[in-house]
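Numbering (the UniProt record's numbering), first residue to last: 1 to 160.
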């Protein structure tokens, strides 16, 4: 059985560590107290507060275990320690221009846990990321989208 390794940036690993700390040091005790208070209210069969707190506790514990597993199997990649070659690799920030419209977008290639398109963080497994990884500034990458193939020119690759 092979263990899945999770690539992530230094910032992504830090965010998971902070979430783990918050869940284990703040949420876990808060829920434990809420369950204790709900128990004191009597009949647990019809105690909505008790059941809600128990359900939330189960979700928090599952997330804590998930984060621990991901951190344990993470491969933290610090892009600032890798020589800048102009090539798109995990962790780089890439300025792309739509070859047809000229519209520009900037994405950082990150791990699955860090992906947030609104913040310009694109999962390394996303179609655009897969199309541009390994390419260099000036290259054009074709990306299959639901509306057809879109070509993007790699304008700039940054290590930040």
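Quick reminder that beta carbons are idealized off the backbone N, C-alpha and C, glycines included.
In this structure, the CA atom of residue 119 is about 22 Å from the CA atom of residue 137.
With respect to the 8 Å criterion, residue 124 and residue 111 are classified as neighbours on the basis of their beta carbons.
By the Cβ neighbour-count rule, residue 8 is buried, with 16 or more other Cβ atoms within 10 Å of its own.
By the neighbour-count definition (other C-beta atoms within 10 Å, threshold 16), residue 14 is an exposed residue. The segment 72-155 contains, as complete beta strand (DSSP E) runs of 3+ residues, the segments 74-77, 93-98, 104-110, 121-123, 140-145 (chain order). Collapsing the DSSP output to three states places residue 4 in coil. For residue 42, there is no enclosing alpha helix (DSSP H), as DSSP marks it with neither H nor E.
The C-alpha of residue 59 lies about 40 Å from the C-alpha of residue 152. Residue environment for residue 88: buried (at least 16 other C-beta atoms within 10 angstroms of its C-beta).
Ranked by Cα distance from residue 139, the first of 113, 117, 101, 94 is 94. Residue 92 and residue 79 do touch by the CB rule: their CB atoms are close to 6 Å apart, below 8 Å. Taking C-beta atoms as the reference points, residue 113 and residue 42 fail to come closer than 8 Å.
Ranked by how close their Cα comes to the Cα of residue 100, the residues 21, 71, 143, 33 have 143 in first place.
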